[in-house]
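Undergrad: This is the structure, below, for whatever I ask next.
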Amino acid sequence: LRKGTLLPPTILALLVATYGLTIWQARWAYFFVSVFAIALPDLLEPIKSRTAVWVAFVLSIFPIARDWETQLWPNEAEYARRIEQRNESVRVRDLAINLQSSENHPFLAPWWLSPSISYWSEQPGVAGSSHESLSGITDSARFFLSEDWRSAREILENRKVTWVLTCDFEPVAQNSSAILGLPLPRRPLCFVLDRTPAQVPRFLVFSGQNGIGKVYRTAVER
2 LRKGTLLPPT
12 ILALLVATYG
22 LTIWQARWAY
32 FFVSVFAIAL
42 PDLLEPIKSR
52 TAVWVAFVLS
62 IFPIARDWET
72 QLWPNEAEYA
82 RRIEQRNESV
92 RVRDLAINLQ
102 SSENHPFLAP
112 WWLSPSISYW
122 SEQPGVAGSS
132 HESLSGITDS
142 ARFFLSEDWR
152 SAREILENRK
162 VTWVLTCDFE
172 PVAQNSSAIL
182 GLPLPRRPLC
192 FVLDRTPAQV
202 PRFLVFSGQN
212 GIGKVYRTAV
222 ER
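Numbering-wise, my numbering puts 9 at position 8 of the sequence shown, and it's gapless, one number per residue.
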């Protein structure tokens with residue numbers, strides 16, 4: 002560090018750049034915090050009082066300490082949520098394992114389950130949780146909200162889908178309705194898949210289920 006310079010130019014540039022990226026997308030916050038931690042000693046150097054430096058340091062870690070406390074000693078509600086989330090992950094994995102194959106067999110599922118299913122099955126999903134999957138998310142919403150089985154079949158054919166996975170129809174229907182900006186239909190396909198598997202269209206064949214959802218194999222041209 003040169004005399005009279007608060008921060009090395011490289012650190013200062015990284016600090017400004019990562020701050021701007023964090024404002025743009027929150028996922029960059031980890032990098033900003035890392036650079037800030039590196040720059041912190043230089044930022045505190047002009048403060049001559051050692052006591053003031055320690056006070057500033059202790060105050061700066063309060064938010065982190067609070068988060069650590071929540072992670073290490075969760076309250077009952079948070080603990081129950083974690084247990085439920087863990088159980089859900091296990092059930093999703095059990096469903097996804099049925100899709101494993103040495104060949105490529107795309108699947109269609111609710112977008113929030115698709116990343117986990119894709120990880121465990123090693124198969125591509127139509128939907129996902131990234132901005133690159135927006136068209137797939139829209140198609141999956143149209144499929145689950147559809148009352149026109151011909152339109153639903155066309156989505157599967159266009160996407161070359163082999164498997165369809167679904168869970169409780171209420172969150173699927175509500176989320177799909179919000180994505181498309183459409184009112185909830187009286188009997189969407191996600192309801193049929195979840196509650197009346199014996200009445201599904203002929204191009205879907207029931208293959209299995211567990212506590213979180215059901216799996217259907219498609220019978221369409223790919």
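By construction, the Cβ of each residue, glycine as well, lies at the ideal position given by its N, Cα and C atoms.
The structure presented is a predicted model; accordingly, all values stated were derived computationally and were not measured.
The beta strand (DSSP E) that contains threonine 139, what's its start and end?
TA: The sequence position of residue 139 within the sequence shown is 138, counting from 1. Counting along the chain, threonine 139 falls outside any beta strand (DSSP E), though it belongs to the alpha helix (DSSP H) covering 135-146.
Undergrad: In terms of alpha-carbon separation, which member of Thr167, Trp55, Phe58 lies closest to tyrosine 217?
TA: Numbered from its first residue, the sequence shown carries residue 217 at position 216. Of Thr167, Trp55, Phe58, the residue nearest in Cα terms is Thr167.
Undergrad: Identify the residues that DSSP records as bridge partners of tyrosine 217: which are they?
TA: Start at 1 with the first residue of the sequence shown, and residue 217 comes out as number 216. Answer is Val165, Phe207, bridged to tyrosine 217.
Undergrad: In terms of DSSP beta bridges, what is leucine 109 paired with?
TA: Position 108 of the sequence shown, counted from the start, is the residue given in the question as residue 109. DSSP, once it has assigned bridges, lists Val165 as partnering leucine 109.
Undergrad: Measuring CB to CB, does tryptophan 121 end up less than 8 Å from isoleucine 138?
TA: Counting from one through the sequence shown, the residue named residue 121 turns up at place 120. Counting from one through the sequence shown, the residue named residue 138 turns up at place 137. The answer is no: Cβ separation not under 8 Å.
Undergrad: Touch check for the segment 91-106 and the segment 139-156: three-plus C-beta pairs under 8 Å?
TA: No, because fewer than three Cβ pairs between the segment 91-106 and the segment 139-156 fall closer than 8 Å, the two stretches do not touch.
Undergrad: Could you check where the alpha helix (DSSP H) with tryptophan 74 kicks off and where it finishes?
TA: Taking the sequence shown and counting its residues from 1, one reaches residue 74 at position 73. No alpha helix (DSSP H) holds tryptophan 74; DSSP gives it neither H nor E.
Undergrad: Our contact map puts proline 189 next to serine 147 with C-beta atoms below 8 Å; I'd like the distance itself, whole angstroms only.
TA: Here the question's residue 189 lines up with position 188 in the sequence shown. Here the question's residue 147 lines up with position 146 in the sequence shown. Correct: roughly 7 Å between the Cβ atoms.
Undergrad: Would serine 90 and serine 117 qualify as a contact pair, given that the criterion is a beta-carbon distance under 8 Å?
TA: The residue labelled residue 90 in the question sits at position 89 within the sequence shown. The residue labelled residue 117 in the question sits at position 116 within the sequence shown. Contact: yes.
Undergrad: Look up glycine 212 in the DSSP assignment and say whether it is helix, strand or coil.
TA: Residue mapping note: residue 212 aligns to position 211 of the sequence shown, counting from 1. Of the three classes helix, strand and coil, the one that applies to glycine 212 here is coil, per DSSP.
Undergrad: In this structure, does DSSP put glycine 126 in helix, strand or coil?
TA: As a position in the sequence shown, residue 126 is number 125, starting the count at 1. Looking at glycine 126 - three-state DSSP - the assignment turns out to be strand.
Undergrad: Give the secondary structure of glycine 21 by DSSP, where H, G and I count as helix, E and B as strand, and everything else as coil.
TA: Within the sequence shown, residue 21 is the residue found at index 20, counting from 1. Three-state DSSP puts glycine 21 in a helix.
Undergrad: What residue does the alpha helix (DSSP H) around valine 201 start on, and which one ends it?
TA: Here residue 201 corresponds to residue number 200 of the sequence shown, with the count starting at 1. Neither: valine 201 is in no alpha helix (DSSP H) and is coded neither H nor E.
Undergrad: So, helix, strand or coil for glutamate 155, using DSSP?
TA: As a first step, residue 155 must be located in the sequence shown, where it is residue number 154. Glutamate 155: helix per DSSP, three-state reduction.
Undergrad: Measuring straight from C-alpha to C-alpha, what distance separates arginine 3 and aspartate 43?
TA: Residue numbering aside, residue 3 sits at position 2 when the sequence shown is read from its first letter. Residue numbering aside, residue 43 sits at position 42 when the sequence shown is read from its first letter. Low per-residue confidence applies at arginine 3: pLDDT is 44, beneath 50, and the placement is therefore not dependable, though the value from the model is reported in the following sentence. Arginine 3 and aspartate 43: Cα-Cα distance of roughly 11 Å.
Undergrad: Helix, strand or coil, according to DSSP, for aspartate 149 in the structure here?
TA: Position 148 of the sequence shown, counted from the first residue, corresponds to residue 149. Aspartate 149 falls in the coil class under three-state DSSP.
Undergrad: Residue range of the alpha helix (DSSP H) that leucine 100 falls in?
TA: Along the sequence shown, read from residue 1 onward, the residue named residue 100 stands at position 99. First-last for leucine 100: undefined, no H or E at that position.
Undergrad: Please find out if some non-hydrogen atom of the ligand NAP comes closer than 7 Å to the beta-carbon of glycine 129.
TA: What this structure holds is no ligand at all, so the ligand NAP is not there to describe.
Undergrad: DSSP three-state call for leucine 183: helix, strand or coil?
TA: Your numbering for residue 183 matches position 182 in the sequence shown. Three-state result, leucine 183: coil.
Undergrad: Measure the C-alpha to C-alpha separation of valine 206 and asparagine 176 and round it to an integer number of angstroms.
TA: Within the sequence shown, the letter at position 205 stands for residue 206. Within the sequence shown, the letter at position 175 stands for residue 176. Taking the straight line joining both Cα atoms gives about 25 Å.
Undergrad: Would you call arginine 160 buried or exposed, if buried means 16 or more other Cβ atoms sit within 10 Å of its Cβ?
TA: The sequence position of residue 160 within the sequence shown is 159, counting from 1. By the 10 Å Cβ count, arginine 160 comes out buried.
Undergrad: Cβ of valine 221 within 8 Å of Cβ of phenylalanine 204?
TA: Within the sequence shown, numbered from 1, the residue matching residue 221 stands at position 220. Within the sequence shown, numbered from 1, the residue matching residue 204 stands at position 203. Taking 8 Å as the Cβ cut-off, valine 221 and phenylalanine 204 qualify as a contacting pair.
Undergrad: Assuming proline 47 is part of the alpha helix (DSSP H), what are its boundary residues?
TA: In the sequence shown, counting from the first residue as 1, residue 47 sits at position 46. Premise fails: proline 47 is in no alpha helix (DSSP H) and is neither H nor E.
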